[in-house]
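Enquirer:
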Amino acid sequence: MNIKELLLNGQSFLALLKEFAIEAKDIVIQDENLILADQNLAHREIGKETICIEGKNDKGIFNFFGTLHFNLLNKLAVFEMQGFEQVDLRTN
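What follows is the structure, given as structure tokens:
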């Protein structure tokens, strides 16, 4: 199970996406593979990483910055947002 799937199980993350009119299929967790490939991850039950989640809607791209708290053994993840930025879509 990947981090995106774990976050989508939580109501608060779904509420965040709804607030910004972003669909689940339109988000990408930057460096997700790098986080999951961490060799030290196997030695700890819970983890905490600073991450960026990119989401897109018809108004632009949103970058959400914050802390990911996760427990892979219990298949739980929570995103604690510290801020975001909006990048307008280019119209060329």
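With my numbering, letter number 58 in the sequence shown gets 53, and the count goes up by one each step, no holes. Ideal placement from N, C-alpha and C gives every residue a C-beta, glycine not left out. Just so we're clear, the structure is a prediction, and the values are computed from it rather than from any experiment.
1. Please report the distance separating the alpha-carbon of Glu49 from that of Met76.
2. Less than 6 Å between C-beta atoms, sequence neighbours within five positions excluded: which residues of the same chain meet that for Lys(-1)?
3. Can you say whether Phe60 is buried or exposed, counting buried as having 16 or more other CB atoms within 10 angstroms of its CB?
4. Under DSSP, the beta strand (DSSP E) around Lys51 begins and ends at which residues?
5. Would you decide whether Leu9 is buried or exposed? Buried here means 16 or more other CB atoms lie within 10 Å of its CB.
6. What residue range does the beta strand (DSSP E) around Asn69 cover?
7. Return yes when the Cβ of Asn(-3) is within less than 8 Å of the Cβ of Glu27, no when it is not.
8. Just the C-alpha distance for Gln42 and Ile22, rounded to the nearest angstrom, thanks.
9. How close, in whole Å, do the beta carbons of Val82 and Ile46 come, if the pair is a contact with beta carbons under 8 Å?
10. Would you check if the distance between the CB atom of Leu2 and the CB atom of Phe74 is smaller than 8 Å?
Expert: Looking at the atomic coordinates:
1. Cα-Cα distance, rounded: 12 Å.
2. Sequence-distant Cβ neighbours of Lys(-1) in its own chain, meaning closer than 6 Å and more than five residues away, are Ile24.
3. Counting of Cβ neighbours within 10 angstroms places Phe60 among the exposed residues, the total staying below 16.
4. Note, Lys51: beta strand (DSSP E), Ile41 to Asn52.
5. By the neighbour-count rule (16 or more Cβ atoms within 10 Å), Leu9 is not buried but exposed.
6. Counting along the chain, Asn69 falls outside any beta strand (DSSP E), and DSSP gives it neither H nor E.
7. It is a contact, given that the beta carbons lie within the stated cut-off.
8. Gln is not the amino acid found at residue 42; the sequence shown has Gly there. One C-alpha to the other measures close to 21 Å.
9. Incorrect: roughly 17 Å between the Cβ atoms, too far for contact.
10. It is a contact, given that the beta carbons lie within the stated cut-off.
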